[in-house]
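Numbering (the working numbering), first residue to last: 8 to 123. All C-beta atoms, glycine included, are put in the ideal place defined by N, C-alpha and C.
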């Protein structure tokens, strides 16, 4: 398994997202900003979902519908299965700005994918 936020990690995630059916609706983007990320590691990624498919890209997108801010260590713990996203949200480790409805609908869709 590639290191969290490495080029291989992004490649594997995009391959997995390309294999799923995107939710109905217009293009939506959520930027995930990693606070306290070590130097040389991505400070942000943009998650895009729309009729043409789903994917993640390195960096942030100015046209994002929502911005999610999370400490790098917490994001890594979620990616490695040591922390659940539900616990991180409940404990206030994640801050969301922008269109919270977009973030919530995408989160529900992603969690539904994990249940399959």
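Cβ neighbour criterion (16 or more within 10 Å) applied to residue i
i           : result
residue 6   : Since the first residue shown for the chain is 8 and the last is 123, residue 6 is missing from the structure and cannot be characterised.
residue 107 : exposed
residue 31  : exposed
residue 72  : buried
residue 65  : exposed
residue 56  : buried
Below-8 Å beta-carbon distance, residue i vs any chain C residue
i           : result
residue 101 : The structure shown contains no chain C, having only a single protein chain.
Short Cβ contact (8 Å threshold) for residue i with residue j
i           : j           : result
residue 103 : residue 35  : no
residue 67  : residue 38  : yes
residue 74  : residue 105 : yes
Nearest neighbour of residue i, chosen from the options [CA to CA]
i          : options            : result
residue 25 : 38, 40 and 61      : 61
residue 12 : 46, 101, 68 and 33 : 46
residue 76 : 57, 50 and 63      : 50
residue 59 : 89, 111, 15 and 28 : 28
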